[in-house]
Amino acid sequence: IMAGLGGGTGTGASPVIAEIGKRVGAAVVSVVTLPFTAEGIKKREIAMKGLAKLASVSDTIVVVNNDRILEIAKELPLYQAFFISDEIVARAVKGVVELVVKPGLVNVDLADLRNVIESGGPAVLTFGESDGENRAMEAVDDALGNPLLDADISGGKAAIVNITSGPDFSLEEMQQIVETIVSSLDPSANVIWGARIDESLKGSVQVLLVVTGVVSPTVEAALQGELREPYVERVTKPKAEKFARALPQVTERKTIPIAREVRERSDFGIDEL
527 IMAGLGGGTG TGASPVIAEI GKRVGAAVVS VVTLPFTAEG IKKREIAMKG
577 LAKLASVSDT IVVVNNDRIL EIAKELPLYQ AFFISDEIVA RAVKGVVELV
627 VKPGLVNVDL ADLRNVIESG GPAVLTFGES DGENRAMEAV DDALGNPLLD
677 ADISGGKAAI VNITSGPDFS LEEMQQIVET IVSSLDPSAN VIWGARIDES
727 LKGSVQVLLV VTGVVSPTVE AALQGELREP YVERVTKPKA EKFARALPQV
777 TERKTIPIAR EVRERSDFGI DEL
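With the working numbering, letter number 35 in the sequence shown gets 561, and the count goes up by one each step, no holes.
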């Protein structure tokens, strides 16, 4: 379930849809955005109430706080900020769908994905990419240090790591990525990883990370009945500057074609995605 909270449709309908999904035996993953402060206190309060309802009926919930975008790029026009928020969610969900849609060297199947999702609670869904000299560590650092992350992954109970790279990717680089992520989670965390070669990515590597069972101050506040999420400083200046430099690349892309690309390749029974 993907929804923007704070209005009538996403806030009101998403918990109902989640409940229906649970009744028919689906593993329910909710990916939601919180409104900008500029949209008004009332809308933020509605969003927090909706978040509490949705979190209580979802196996896993991922929260993207729109205000973090403005922390990083204060001069960004508001319409572009909305676009970026949508695009970030679309890329992340696209990456998860591709885990089971596209074959790889090491595959992550639907059962693996379901096991991680059903570990439950707040989750982090993030990605990183690099084509630098130390690309493996830079990509995983990008994923772990994403300034839009709402939660602390150090207590994560389960994770899926999916690595996509060009044909020049080495076993040592793969080991660096997986070991770094494993060391960042709970020692007993169930970590499943997959790898796929994409000829168009020669010289670069992409890391998709899904971690469940993390601590999210925002989700905890919502479940406790608080109407405003707590402010947690997580955006360091270097991370903010790096993310801000990437914003023009994001705004040049279109969300709808990305979603359509996934749907056209979904030809074995998961068209509902």
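Think of the CB as a built atom: it goes at the ideal place given N, C-alpha and C, for glycine as much as any other residue.
All values derive from a computational prediction rather than experimental measurement.
Unbroken alpha helix (DSSP H) runs of length 4 or more, entirely within the segment 533-593: which are they?
535-549, 567-583
Closer than 7 Å by C-beta to A662: which residues in its own chain qualify, once you throw out the five before and the five after it? Chain order, please.
E699, Q702, I703, V731
Three-state secondary structure (DSSP) of V666
helix
Short check: CB of V737 to CB of L697, under 9 Å?
no
Which residue's Cα is closest to the Cα of A637: V542, W719, A573, S656?
W719
Using the beta-carbon count (16 or more within 10 Å), is T762 buried or exposed?
For T762, the predicted structure reports a pLDDT of 47, less than 50, and the residue's modelled location is therefore unreliable. A value from the coordinates is still provided. Exposed, by the Cβ-count rule.
9 Å Cβ cutoff met for V733 and I689:
yes
Quick one: is K728 buried, meaning 16 or more other Cβ sit within 10 Å of its Cβ, or exposed?
exposed
Could you give the C-beta distance for V745 and L577, rounded to a whole number, given that I count them as a contact under 8 Å?
7 Å
Hey, V588 and L560: beta-carbon distance below 9 Å or not?
no
For F695, name the three-state secondary structure that DSSP assigns.
coil
Quick one: Cα of G566 to Cα of G534, how far?
15 Å
Could you tell me whether the Cβ of Q702 comes closer than 9 Å to any Cβ of chain D?
Here there is only one protein chain, and chain D is not present.
In whole angstroms, what is the alpha-carbon distance linking G682 and A616?
23 Å
Kindly indicate the opening and closing residues of the beta strand (DSSP E) around A721.
716-723
Assuming A665 and G647 form a contact by the criterion Cβ under 8 Å, report the distance between their Cβ atoms to the nearest whole angstrom.
About 26 Å; that fails the 8 Å criterion.
Q701 bridges to which residues according to DSSP?
Its beta-bridge partners do not exist; DSSP assigns none.
Closer than 8 Å: is that where the CB of G654 sits relative to any heavy atom of the ligand ADP?
As far as ligands go, the structure on display features none, and thus does not contain the ligand ADP.
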